[in-house]
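S.K.: My questions will all concern the structure given below.
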Amino acid sequence: MKKNIKINHDYFVLTDKWQNLRYFFRQGYILPHLIDRLKWFYYPKLFIVSTFPTHLELETSSVCQMRCPMCKTTEMIKKGIDFFGFMDLGLFKKIIDECVNEPLFSIKLSWRGEPLLNPRIIEMISYAKKKGIKNVAFLTNGERLNSELTEGLVNAGLDWISISFDGLQEVYNKIRKPAKFDETLEKIKYIKQYRERQKRKKPLIRIQSLHSAIRGKEEEFLKLWGGIADRVNLIADQKRSLVPQDYRHSPSYICPSPWQRMCIAWNGKVAQCYGDYLMANILGDVTVKSIKEIWHDRPFMQLRELMRNDKRLSTQPCRTCSDGGITEEETVVVGGRKIKVLHYVDQSIDVRNLK
């Protein structure tokens with residue numbers, strides 16, 4: 005069966021190639037970044053296991069103040085599944101201390117929850133940067149941002165911040181309740197204003213929206229962020245169900261995640277991947293073993309073998325993940341540019357109609 009590995013296949017960039025190039029260079033650490041990108045794209049395709057993960061997903065918070073209709077976290081809350089917690093600063097420091105002398109390039113301080121709810125988030129960023137982690141970032145809904153928090157993030161040395169901003173005006177207000185379109189827009193503008201006032205290049209500001217939230221208004225959405233965001237992304241809509249029967253998978257798909265990254269929950273447990281919201285396949289515990297030991301331990305090696313032998317669907321997390329779903333290509337025209345994007349067949353959603 006033909007090998008089917010897709011890297012970053014859910015994200016599509018709306019900003020033009022020159023702005024994207026500027027975004028790349030403004031991140032700094034050019035040579036380490038290039039090496040990291042080579043590992044990210046080619047190690048999974050060649051089945052090369054690096055000595056250490058090139059990237060860590062650190063769940064600083066599994067708690068979120070929003071109940072977005074497309075989110076798997078919302079579905080878990082509806083079903084009464086308890087997974088709430090904040091990563092302890094001591095555990096965070098233990099993780100960072102191990103990474104210092106390893107070939108790790110980046111950490112992302114978010115997974116299932118909203119990182120800005122963790123009261124120690126600025127301390128965490130500052131500690132990681134002072135210890136020499138090259139790329140420190142996180143995803144956020146942005147609703148908790150205020151001037152004090154924004155200034156703290158900038159001063160701590162955050163490298164980039166990705167804000168989920170689905171839709172325009174009332175579409176945004178419906179999806180991202182209790183956030184308000186105009187209020188969140190002003191909060192994001194202030195990141196740029198304060199960054200410039202401090203004569204800093206970072207954090208770089210990345211905006212992303214689910215495609216269905218802006219379908220037909222992609223150009224209007226991109227123009228909204230002119231002079232504010234450094235990069236604007238579009239994300240393929242996909243089901244976030246907890247029920248395996250809701251998915252249609254390609255049996256030949258090989259997920260690149262086990263060769264790229266490690267996902268550590270707020271309590272130190274290592275999930276199979278960022279799609280394993282239910283923590284159905286625990287690969288280790290960083291309070292018991294080192295990251296390096298877990299990366300080369302039997303559970304991770306077995307997972308990679310399942311991927312290579314087209315048996316990934318024997319694991320529960322893979323059966324409830326859109327990655328590996330059947331996709332079709334479509335063309336979006338923005339500013340006269342034709343952008344090729346994908347959508348999932350039988351697994352796509354229209355987030356505007358979800359409740």
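If you want my numbering, it's the position in the sequence shown, counting the first as 1, plus 4. Every residue, glycine too, gets a C-beta built ideally from N, C-alpha and C.
On the criterion of 16 or more Cβ atoms from any shown chain inside 10 Å, does S256 qualify as buried, or is it exposed?
M.R.: Counting Cβ neighbours within 10 Å, S256 comes out exposed, since fewer than 16 surround it.
S.K.: Does the pairing of the region 229 to 236 with the region 277 to 287 give three or more beta-carbon distances under 8 Å?
M.R.: Taking 8 Å as the limit for Cβ pairs, the verdict is that the region 277 to 287 does not touch the region 229 to 236.
S.K.: What three-state label does DSSP hand G220 in the structure shown?
M.R.: Coil at G220, not helix or strand.
S.K.: Return the bridge partner residues of C277 from the DSSP annotation.
M.R.: Its beta-bridge partners do not exist; DSSP assigns none.
S.K.: Excluding the five sequence neighbours on either side, which residues of its own chain have a C-beta within less than 7 Å of the C-beta of N271, listed in chain order?
M.R.: Only G89 meet the Cβ criterion.
S.K.: What separation, rounded to the nearest whole angstrom, lies between the Cα atoms of R116 and W22?
M.R.: Distance between the alpha carbons of R116 and W22: 32 Å.
S.K.: DSSP three-state call for H2: helix, strand or coil?
M.R.: Any property of residue 2 remains undetermined from this structure, which presents the chain solely from 5 to 359.
S.K.: Against chain B, does C72 count as a neighbour if the rule is that its beta carbon must be under 9 Å from one of theirs?
M.R.: No chain B is part of this structure, which consists of one protein chain only.
S.K.: Got a sec? Which residues, its chain only, sit under 8 Å from R204 by beta carbon, not counting five neighbours each side?
M.R.: Excluding positions up to five away in sequence, the list reads V158.
S.K.: Let me know the alpha helix (DSSP H) ranges lying completely inside the region 248 to 300, each 4 residues or longer, listed in chain order.
M.R.: DSSP runs (the alpha helix (DSSP H)) wholly in the region 248 to 300: 261 to 264, 295 to 300.
S.K.: Please list the terminal residues of the continuous beta strand (DSSP E) segment that includes F51.
M.R.: Per DSSP, F51 belongs to no beta strand (DSSP E) and is neither H nor E.
S.K.: Can L226 and V349 be called in contact, C-beta distance under 9 Å?
M.R.: Not closer than 9 Å, so no.
S.K.: I'd like to know whether the C-beta atoms of H59 and D327 end up nearer to each other than 9 Å.
M.R.: No, the pair does not count as a contact, with Cβ atoms beyond the cut-off.
S.K.: My assumption, with CB atoms under 8 Å, is that I111 sits in contact with W263. Please give the rounded CB distance.
M.R.: 17 Å between Cβ atoms; not a contact.
S.K.: Cα separation between P48 and S166?
M.R.: One C-alpha to the other measures close to 25 Å.
S.K.: Measure the Cβ-Cβ separation of T324 and S245 and say whether it is below 9 Å.
M.R.: Going by C-beta atoms, T324 is nearer than 9 Å to S245.
S.K.: Which residue from V175, D86, K206, K43 puts its Cα closest to that of L358?
M.R.: Checked all of V175, D86, K206, K43; the closest Cα to L358 is V175.
S.K.: How long is the line joining the alpha carbons of F28 and I137, rounded to whole angstroms?
M.R.: Their Cα atoms are separated by approximately 17 Å.
S.K.: Please list the segments of the beta strand (DSSP E) lying wholly inside the region 28 to 114, counting only runs of 3 or more residues, in order along the chain.
M.R.: Listed in chain order, they are 59 to 62, 110 to 112.
S.K.: Please look up how many angstroms separate the CB atoms of L120 and L149, rounded, as I've assumed it's under 8 Å.
M.R.: L120 to L149, Cβ: 7 Å. Contact.
S.K.: Which whole-angstrom value describes the C-beta separation of I179 and P73, a residue pair presumed to lie in contact below a C-beta threshold of 8 Å?
M.R.: Yes, they are in contact, since the Cβ atoms of I179 and P73 sit about 7 Å apart, within 8 Å.
S.K.: Report the CB separation of V345 from F45 in whole angstroms; it is logged as a contact under 8 Å.
M.R.: No, V345 and F45 are not in contact; Cβ-Cβ is about 19 Å, not under 8 Å.
S.K.: Please go through the same chain and pick out, in chain order, the residues whose beta-carbon is closer than 8 Å to the beta-carbon of K342, but skip the five residues on each side of it.
M.R.: If we look at K342 and ignore the five residues flanking it on each side, its Cβ neighbours are T335, V336.
S.K.: In the DSSP output, what is V337 paired with across the bridge?
M.R.: For V337, which the question treats as bridged, DSSP gives the partners K342.
S.K.: Are the Cβ atoms of T319 and Q276 separated by less than 9 Å?
M.R.: Yes, Cβ-Cβ distance for T319 and Q276 is below 9 Å.
S.K.: Which one of E309, V274, I211 has the shortest CA to CA distance from K293?
M.R.: Of E309, V274, I211, the residue nearest in Cα terms is V274.
S.K.: Going by CA-CA distance only, name the one from T188, G32, I129, Q212 that's closest to K97.
M.R.: For K97, the nearest C-alpha among the options comes from I129.
S.K.: With a 10 Å radius around its C-beta and 16 neighbouring C-beta atoms as the bar for buried, classify T188 as buried or exposed.
M.R.: Buried.
S.K.: Can you list, in chain order, the residues of its chain with a C-beta nearer than 6 Å to that of R308? Leave out the 5 residues immediately preceding and following it.
M.R.: So the list reads P262, once near-sequence residues are dropped.
S.K.: According to DSSP, what are the bridge partners of L143?
M.R.: Beta-bridge pairing links L143 to S166.
S.K.: Use the C-beta contact count for I353: other C-beta atoms within 10 angstroms, 16 or more gives buried, fewer gives exposed.
M.R.: It is buried - the Cβ of I353 has at least 16 other Cβ atoms within 10 Å.
S.K.: Given G161, which residues of its chain have a CB within under 6 Å of its CB, disregarding the five upstream and five downstream residues?
M.R.: Counting only Cβ-Cβ distances below 6 Å, and skipping sequence neighbours, we find K133.
S.K.: Rounded to a whole number of angstroms, what is the C-alpha to C-alpha distance between K76 and P321?
M.R.: For K76 and P321, the distance between alpha carbons rounds to 12 Å.
S.K.: Round the Cβ separation of L172 and E224 to the nearest angstrom and send it over; I've been treating them as touching at under 8 Å.
M.R.: Yes, they are in contact, since the Cβ atoms of L172 and E224 sit about 7 Å apart, within 8 Å.
S.K.: Any idea what DSSP makes of L358, helix, strand or coil?
M.R.: Coil at L358, not helix or strand.
S.K.: Do you know offhand how far D20's Cα is from G156's?
M.R.: For D20 and G156, the distance between alpha carbons rounds to 31 Å.
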